[in-house]
Amino acid sequence: MLDRRLRSRAKEIFLDALEKPPERRGEFIARATAGDQELGGAVEQLLDGHSKADAIAGWFSGPPQPEDGLSVGEVLGNYELLAELDSGSDGRVFRARQEGLDREVALKVPGAGRFASAAEVTRFRREAEAVARLDHPGIVPVYDVDEVDGRHFFSMKLIEGGSLASRMAEFSLPEAAAGLVEKVARAVHHAHQRGILHRDIKPSNILLSHSSLPVVADFGIAAKLGARAETSRLAVAGTPAYMAPEQAMDLGEPTTATDVWGLGCVLFELLEGSPPFRGSSVTDSLRRAREESTPMMARAHSALFRGRAADLEAIVRKCLQKDPANRYASAGALAEDLGCWLSHHPVSVRIQSPIERLQSNWRRQPFAYTLAAALALLVLCIAILAPLVSIELRRRLDRAQFAEEVARTRLRSALLAQSKATRTSDSPGRRENALVNLAEAAAIAPSAALRDEAIRVLARPDLVVTAEFVFEPEADVALCVSGDGQFVVLANQNGPCRVVDLSSGETQSVFVAPHGRVRYARLSPDGGWMLARSQGEFIQDGPKISLVDLDTGQARRTWEEGGTSIRFAFDPTGRSIALLFEDSRLEVVSCETLQTVMELEVTSLSDIQFGPDGKTLYAATGEGRSLLGIDLLSGTTRRIVEDLSHPTSTIDIDPAGERIVVGYYAAEAQIFGLASGRLVSRCLGHAAEVATVEFLDAGRAATSAWDGMTRTWDTMTGQPLLEWPGQLLTGSDGTRGVLVTALGGRLTRHSISPSPLLVTLGGHEGKSPRGLACSADGTWVATGAVDGVRFWNVSAGTLLLHIADTREVSSMAASGNGAFLYMSNGAGVQRIDVRAALSGGSPECEQIIVGETGDLAVSWDGRRLAVVRPQERVEVYDIDRGLPRLLRTLEAPGRVAGLSLSPDGFRLVSGAWRGRGVRGWNTDTGEVLFDRLADCGQVRVVFDASGDRVLATTPGALQVWDQEGQPLFEERYSNRRSFRSAGHIAADAGRRWMAAVVDRDTIELRDARTFKIAARLWSDGVPLQSLLFVPGASLLVAGSTDGRAMVWDLQRMEVELAKLGLALESWPRRGRPLVQSR
1 MLDRRLRSRA KEIFLDALEK PPERRGEFIA RATAGDQELG GAVEQLLDGH SKADAIAGWF
61 SGPPQPEDGL SVGEVLGNYE LLAELDSGSD GRVFRARQEG LDREVALKVP GAGRFASAAE
121 VTRFRREAEA VARLDHPGIV PVYDVDEVDG RHFFSMKLIE GGSLASRMAE FSLPEAAAGL
181 VEKVARAVHH AHQRGILHRD IKPSNILLSH SSLPVVADFG IAAKLGARAE TSRLAVAGTP
241 AYMAPEQAMD LGEPTTATDV WGLGCVLFEL LEGSPPFRGS SVTDSLRRAR EESTPMMARA
301 HSALFRGRAA DLEAIVRKCL QKDPANRYAS AGALAEDLGC WLSHHPVSVR IQSPIERLQS
361 NWRRQPFAYT LAAALALLVL CIAILAPLVS IELRRRLDRA QFAEEVARTR LRSALLAQSK
421 ATRTSDSPGR RENALVNLAE AAAIAPSAAL RDEAIRVLAR PDLVVTAEFV FEPEADVALC
481 VSGDGQFVVL ANQNGPCRVV DLSSGETQSV FVAPHGRVRY ARLSPDGGWM LARSQGEFIQ
541 DGPKISLVDL DTGQARRTWE EGGTSIRFAF DPTGRSIALL FEDSRLEVVS CETLQTVMEL
601 EVTSLSDIQF GPDGKTLYAA TGEGRSLLGI DLLSGTTRRI VEDLSHPTST IDIDPAGERI
661 VVGYYAAEAQ IFGLASGRLV SRCLGHAAEV ATVEFLDAGR AATSAWDGMT RTWDTMTGQP
721 LLEWPGQLLT GSDGTRGVLV TALGGRLTRH SISPSPLLVT LGGHEGKSPR GLACSADGTW
781 VATGAVDGVR FWNVSAGTLL LHIADTREVS SMAASGNGAF LYMSNGAGVQ RIDVRAALSG
841 GSPECEQIIV GETGDLAVSW DGRRLAVVRP QERVEVYDID RGLPRLLRTL EAPGRVAGLS
901 LSPDGFRLVS GAWRGRGVRG WNTDTGEVLF DRLADCGQVR VVFDASGDRV LATTPGALQV
961 WDQEGQPLFE ERYSNRRSFR SAGHIAADAG RRWMAAVVDR DTIELRDART FKIAARLWSD
1021 GVPLQSLLFV PGASLLVAGS TDGRAMVWDL QRMEVELAKL GLALESWPRR GRPLVQSR
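Right, dumping it as structure tokens:
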């Protein structure tokens, strides 16, 4: 007979050989046994009989069994088989009904039924006898053991909750996992006390009741304590991933430590998601269990405090000791430790500190230890115990304070996350709701994250409900509203039409249609007139169009002939109306004389709309898919856009007369430039035909569709801004910040609440603003791009002047007094007399420098101008006396990426491309003051307001130098998304702020004295191209690639942040000061 060592080695070689191809097994065995004939014979014996070995059959789904025909519906003894629950190599389990008692049970029969071998029957009856001797709520009870017609079976209690293997996720939390394994351990301990070892504890052998109580099942390979298992000495019983090393290698008699190992594996898998020693094969699993240490329990540590996690890991490691003698002495000891851990008591596997031991003993015998402590204090020394008590109290206080701090931090994080979710939602009231969350979070502890989130929230527009009116939808239909949202037209089903004040609910005017009821209406902008289309009950009663004087409620003129009017519109003054008829006729009528001013023949128009000047009528063709502009003075027609993507349903013109929004039957809207006919953006998101479109301003539009939703959009990007249920009523004038929607029987008037911090200045077509300039007092800001120069009133966000006859602007600057604007383009430098242009004079562009030019810079005193010329030259001009006078030509170190003049104009710095760095000059003498090489692709530079510092950005860093080029500060950005170009940079004339584009859509605002970050500003994904501080208004302007200029009011920003308990405050900076800042 082989000794234990040879048996173990033979099993290892045998298992490894099974994984080799049959033709290579002989060579492998010869090499592995190294000529040991006894060992080789044992391996060959295992190979010859492995198909019949019981344990090996268990691993590989078992050998084929004879089919005895037992199936659902048959009756076995007094049991009716209802359904098959499980099938394996050791037997089949059925759901059955026991006749007489009329109860459902689980019925188990051997896998081969009546063809079962004697060994199988013996093992089957041993399982039944083993479980029958056990009486514990955590072990499946056996009701009956019997044999009918050679079929052996026994019945058990039916557990219908499934196995633990299918419900592992329910017990992934440490407390749930420990509680479940504690109950299983007590059940296993009960079996051990009665001399029964399970030997195959795994999740699939642990059943769960409906109340999630565990029940141990499948004692198919159970063994008696102190008795040798009845499997072959060269076989292994159990499941590899849960098998103890001594069980796999047959290193001794089975003990309770074998089941303790299985319990440890189950607990580890519940906590970490997989068994501790699962390998790629059976051999690999057994090898890992035998040789590798227990893996770290990362998930348990992340879910628990440090001490709790360490105790639980110590329990698991105690179960999974390689030496059985080092494991828990019994499953009951394991259950006791788990119970202590669950009740926050010390566990036996971790050495307790004296204080912890004292606490534990005191909890067990409080009276005795209290008396002993009192006597000790009286007899020995109060001073000995006093420090210990103080330390423990301090520890508890620290834990309480730490727990409170953790709770406050989590609450603040939750409030911040809720604010972000609210800000990015489309619902009205999002700004106010998000600010409430931020105020609560700031009350806990202000932070940079809260400050930056507050700025993003405050930069968003919002929608506020200003009035509501309820009507009977069965009787009345809301048709349209006045431009200011004050009055609504309600048409009664029985005929009368009335104009109602939305705020008070009072009827202002009543109109009775000539016949039938009013089905379509529009109010004039001044509220004095109403156009109404009424329809009779019968088809022969053709529709009639009435122009109604609302003061009297009487129709001043009625149209009956010429077909049905499909659309009509008032001009912006309310003095004229345009009617579009189905017979391809367009008629313009004066409201004052009631006479037809113009009549045109048109083809297939779907909607008409007056331009802001009232001199142009814009129309959309239906199937023709084009947009037209009709000059009402000459009667000529201009085709603006051809080949629209879909048939049109409705249109609207922006208040500046530069863009048109088109609603389609195809559930989308598009915005086009009126001058160029170019598509600006697409608004996607509706699920039905777009019924109404309205411009809010040059940058936003509102749409409403038959899907019952109203949405607002960013007209430059096509991104949705707000969304709410309701139908936008015709006539809502978004340019006044008022929208009225109808939902069921409720009318709601919404007021557009603009951002208190951010003003968006229109939008250039084609490219982003390449140049920004402003007056010294901040009364105007100029933006320049491919379509010319625009002057803006920043406080109102309105366009003052558009000069379109300029070349594409590449760079732009204003003189310090704001009298002149200088622009650089491919043909030279142009100058605009701003005062003359804004006062109504001729906005002519004077060519003052001829030839190819690049970036330019103007000193704050307006005396000197520097401009980039070809061949890496920079020219400096004196512009103090009218026409520029060339002072000096300077040689740049490379292709220039940016210029900046000191406020007095006596010093000049230039940034360069391709690693040439920065050069500084004295513009009077031409002397090079410094050269700073930079190992990067591009450098942008600017003087601060004092002229003593140079601010520079590279694709990955922000730097500050003194006037001699010596470094003062540097910060590198390792997390930037793009390192291809340097971000733009600007300095505040008030010497308080500096700003830099540090990422494609992110601006960092810094304290100009300390360089600390005061705020971060975002453009929500739109890349930024230029920066400018407006000197006298505390404004920061940024040009974006979608053609807009964004203006942040920094003074208002401080006020709004203060309301929330926040500030433009400096938290610890990441950058390193290279020398002490001045």
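Quick note: the sequence shown uses UniProt numbering, first residue 1, plus one each step.
Cβ atoms here follow ideal geometry from the backbone N, Cα and C, with glycine treated the same way.
Note that the coordinates shown come from a computational prediction; the quantities given were computed from them, not determined experimentally.
### Query
Terminal residues of the continuous alpha helix (DSSP H) containing residue 267?
To locate residue 267, count along the sequence shown from 1; it is residue 267. It spans 256-272 - the alpha helix (DSSP H) in which residue 267 sits, taken as one unbroken run.
### Query
Does DSSP put residue 108 in a helix, a strand or coil?
Position 108 of the sequence shown, counting from 1, holds the residue named residue 108. Strand.
### Task
Spell out the partners DSSP gives residue 558 in its beta bridges.
Along the sequence shown, one-based indexing puts residue 558 at 558. Answer is 546.
### Message
Is residue 16 a contact residue of the ligand SAM, with contact defined as CB to any heavy atom under 8 Å?
### Response
What this structure holds is no ligand at all, so the ligand SAM is not there to describe.
### Task
Whole angstroms is fine: what's the gap from residue 472's alpha carbon to residue 566's?
As a working note, residue 472 is residue 472 in the sequence shown. As a working note, residue 566 is residue 566 in the sequence shown. Residue 472 and residue 566: Cα-Cα distance of roughly 27 Å.
### Query
Would residue 316 pass as a contact of residue 294 if the rule is Cβ separation under 9 Å?
Translated into the one-based positions of the sequence shown, residue 316 becomes position 316. Translated into the one-based positions of the sequence shown, residue 294 becomes position 294. Contact: yes.
### Task
Apply the 10 Å Cβ neighbour rule to residue 381 and answer buried if 16 or more other Cβ atoms are within range, or exposed otherwise.
Taking the sequence shown and counting its residues from 1, one reaches residue 381 at position 381. With fewer than 16 other Cβ atoms within 10 Å, it is exposed.
### Query
What is the residue span of the beta strand (DSSP E) that residue 152 lies within?
The residue given as residue 152 occupies position 152 in the sequence shown. For residue 152, the uninterrupted beta strand (DSSP E) segment begins and ends at 151-157.
### Task
Flag this pair as touching only if the region 471-485 and the region 447-455 have three or more C-beta atom pairs under 8 Å; answer yes or no.
no
### Task
Please go through the same chain and pick out, in chain order, the residues whose beta-carbon is closer than 6 Å to the beta-carbon of residue 759, but skip the five residues on each side of it.
Here residue 759 refers to the residue found at position 759 when the sequence shown is read from its first residue. Taken in chain order, the residues that qualify are 797, 1047.
### Task
Go ahead and label residue 73 buried or exposed: buried means 16 or more other beta carbons lie within 10 angstroms of its beta carbon, across all protein chains shown.
As a working note, residue 73 is residue 73 in the sequence shown. The residue is exposed, with fewer than 16 neighbouring Cβ atoms inside 10 Å.
### Query
For residue 744, which of 200, 459, 476 has the nearest alpha-carbon?
Your numbering for residue 744 matches position 744 in the sequence shown. Closest by alpha carbon: 476.
### Task
Answer with yes or no whether the minimum CB distance from residue 128 to chain D is below 9 Å.
The chain labelled as chain D is not found in the depicted structure, where only one protein chain is given.
### Task
Keeping to the same chain, check which residues put their C-beta closer than 7 Å to that of residue 1055; ignore five residues upstream and five downstream.
Here residue 1055 is taken as the residue at index 1055 of the sequence shown, counted from 1. Closer than 7 Å at Cβ, skipping near neighbours: no residue.
### Message
Going by DSSP in three states, residue 386 sits in which element: helix, strand or coil?
### Response
The sequence position of residue 386 within the sequence shown is 386, counting from 1. In the structure shown, residue 386 falls within a helical segment according to DSSP collapsed to helix, strand and coil.
### Query
Which residues in the same chain have their Cβ closer than 7 Å to the Cβ of residue 992, if we skip the five residues on either side of it in sequence?
For the purposes of this step, residue 992 is taken as the residue at position 992 of the sequence shown. For residue 992, where only same-chain residues beyond five positions count, the Cβ hits under 7 Å are 1008.
### Whole runs of the beta strand (DSSP E) within the region 890-941, excluding any shorter than 3 residues
896-901, 907-912, 918-922, 928-932
### Task
Closer than 6 Å by C-beta to residue 204: which residues in its own chain qualify, once you throw out the five before and the five after it? Chain order, please.
One-based indexing of the sequence shown puts residue 204 at position 204. Cβ neighbours of residue 204 beyond the five flanking positions: 163, 165.
#### Entry: Entirely enclosed beta strand (DSSP E) segments - the region 807-843, minimum 3 residues
Listed in chain order, the complete beta strand (DSSP E) runs (minimum 3 residues) inside the region 807-843 are 811-814, 820-825, 828-833.
### Task
For residue 20, count neighbouring C-beta atoms within 10 Å of its own C-beta (all shown protein chains included) and say buried if the count is 16 or more, exposed if not.
Numbered from its first residue, the sequence shown carries residue 20 at position 20. By the 10 Å Cβ count, residue 20 comes out exposed.
### Distance CB(residue 632)-CB(residue 597) smaller than 9 Å
Residue 632 sits at position 632 when you count from the first residue of the sequence shown. Residue 597 sits at position 597 when you count from the first residue of the sequence shown. Yes, the Cβ-Cβ distance between residue 632 and residue 597 is below 9 Å.
### Task
May I ask you to report which of helix, strand or coil DSSP gives residue 201?
In the sequence shown, counting from the first residue as 1, residue 201 sits at position 201. Residue state, collapsed to three classes: coil.
### Query
If you run the structure through DSSP and keep just helix, strand and coil, what is residue 863?
Numbered from its first residue, the sequence shown carries residue 863 at position 863. If DSSP states are grouped into helix, strand and coil, residue 863 belongs with coil.
### Query
In terms of residues, what are the limits of the alpha helix (DSSP H) holding residue 245?
As a position in the sequence shown, residue 245 is number 245, starting the count at 1. First-last of the alpha helix (DSSP H) with residue 245: 245-249.
#### Entry: Cutoff 8 Å; reference residue 385; Cβ partners in own chain excluding five residues on either side
Along the sequence shown, one-based indexing puts residue 385 at 385. Counting only Cβ-Cβ distances below 8 Å, and skipping sequence neighbours, we find 373, 376, 377.
### Query
Are at least three pairs of beta-carbons, each pair with one atom in the region 721-729 and one in the region 704-713, less than 8 Å apart?
yes
### Task
Could you tell me whether the Cβ atoms of residue 534 and residue 518 are closer together than 9 Å?
On the sequence shown, position 534 is the one that residue 534 refers to. On the sequence shown, position 518 is the one that residue 518 refers to. Going by C-beta atoms, residue 534 is nearer than 9 Å to residue 518.
### Query
Taking all protein chains shown into account, do 16 or more other C-beta atoms lie within 10 angstroms of the C-beta of residue 847, making it buried, or fewer, making it exposed?
To locate residue 847, count along the sequence shown from 1; it is residue 847. Exposed, because fewer than 16 other Cβ atoms sit within 10 Å of the Cβ of residue 847.
### Message
According to DSSP, is residue 802 part of a helix, a strand, or is it coil?
### Response
Residue numbering aside, residue 802 sits at position 802 when the sequence shown is read from its first letter. In the three-state scheme derived from DSSP, where H, G and I count as helix and E and B as strand, residue 802 is classed as strand.
### Query
By how many angstroms is the C-alpha of residue 1028 removed from the C-alpha of residue 785?
As a first step, residue 785 is located in the sequence shown; it is residue number 785 there, counting from the start. As a first step, residue 1028 is located in the sequence shown; it is residue number 1028 there, counting from the start. Distance between the alpha carbons of residue 785 and residue 1028 is about 15 Å.
### Query
Any idea if residue 560 is buried or exposed, counting beta-carbon neighbours within 10 angstroms, 16 or more meaning buried?
On the sequence shown, residue 560 is found 560 positions in, with the first residue counted as 1. Per the 10 Å Cβ criterion, exposed.
### Task
Report yes if the CB atom of residue 701 is closer than 9 Å to the CB atom of residue 669, and no otherwise.
The count along the sequence shown starts at 1 and reaches residue 701 at position 701. The count along the sequence shown starts at 1 and reaches residue 669 at position 669. Against a cut-off of 9 Å, the Cβ pair of residue 669 and residue 701 comes out as a contact.
### Query
In whole angstroms, what separates the C-alpha of residue 982 from that of residue 954?
Residue numbering aside, residue 982 sits at position 982 when the sequence shown is read from its first letter. Residue numbering aside, residue 954 sits at position 954 when the sequence shown is read from its first letter. Distance between the alpha carbons of residue 982 and residue 954: 4 Å.
#### Entry: Distance CB(residue 546)-CB(residue 514) smaller than 9 Å
The count along the sequence shown starts at 1 and reaches residue 546 at position 546. The count along the sequence shown starts at 1 and reaches residue 514 at position 514. In this structure, residue 514 lies closer than 9 Å to residue 546 by Cβ.
### Message
What does DSSP give as the partner residue(s) for residue 328 in the beta ladder?
### Response
Indexing the sequence shown from 1 puts residue 328 at position 328. Partner(s): none; residue 328 has no beta bridge.
### Task
Compare the Cα-Cα distances from residue 791 to each of 839, 717, 267, 741 and report the closest residue.
The sequence position of residue 791 within the sequence shown is 791, counting from 1. Minimum Cα distance to residue 791 is reached at 839.
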